[in-house]
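Reminder that position 41 of the sequence shown reads as 41 in my numbering, one-by-one numbering, no gaps.
Think of the CB as a built atom: it goes at the ideal place given N, C-alpha and C, for glycine as much as any other residue.
These figures come from a predicted structure and were not determined experimentally.
To start, the structure itself, in structure tokens.
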Amino acid sequence: MAHWVKVAAASAVKEGAPVAVSVEDWEIALWRVGNQWFATDDLCSHAEASLVEGEQQGYRIICPRHGGQFDMRTGAALRFPAATPIATFRVKVEGDDLWIELPD
Ligand code: FES
């Protein structure tokens, strides 16, 4: 099971300026590419780093600490030293409300 949580105003998440939110036990990064929004774990899977402090190139997230890279659509690790995927979450937008689906 899972449940939906309203986490931000969609308009507040700009492409290239991701937003970190704390929701329940998660630190979530919210991303935008055009009129698509994505949600991933904000914590890099390699070591301690907040991914929103890194760089965004399209769908690609570049970790600020060692340059590991991830695909925000799937969480897949794309570049060493990141080797383990990060969690991703389903997203929906209703009006200007951005919702993500969290596991129970
Ligand atoms: S902490 Fe992100 S690549 Fe090392």
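message: Starting from Asp25, trace the beta strand (DSSP E) in both directions and tell me its first and last residue.
response: Segment: none, Asp25 is in no beta strand (DSSP E) and carries neither H nor E.
- request: Kindly list the residues whose CB is nearer than 7 Å to the CB of Ile62, restricted to its own chain and excluding five residues on each side of it in sequence; keep chain order.
  value: Gly54, Glu55, Gln69
- prompt: Is Asp52 helix, strand or coil when you go by DSSP?
  reply: As written in the sequence, residue 52 is Val, which differs from the Asp given in the question. DSSP places Val52 in helix when its eight states are reduced to three.
- prompt: Apart from the five residues just before and just after Ile86, which ones in its own chain have a Cβ nearer than 6 Å to its Cβ?
  reply: Thr40, Asp41, Ser45, Phe70, Gly75
- request: Could you tell me whether any Cβ in chain D is nearer than 8 Å to the Cβ of Gly16?
  value: Checking the listed chains, one finds no chain D in this structure; it contains a single protein chain.
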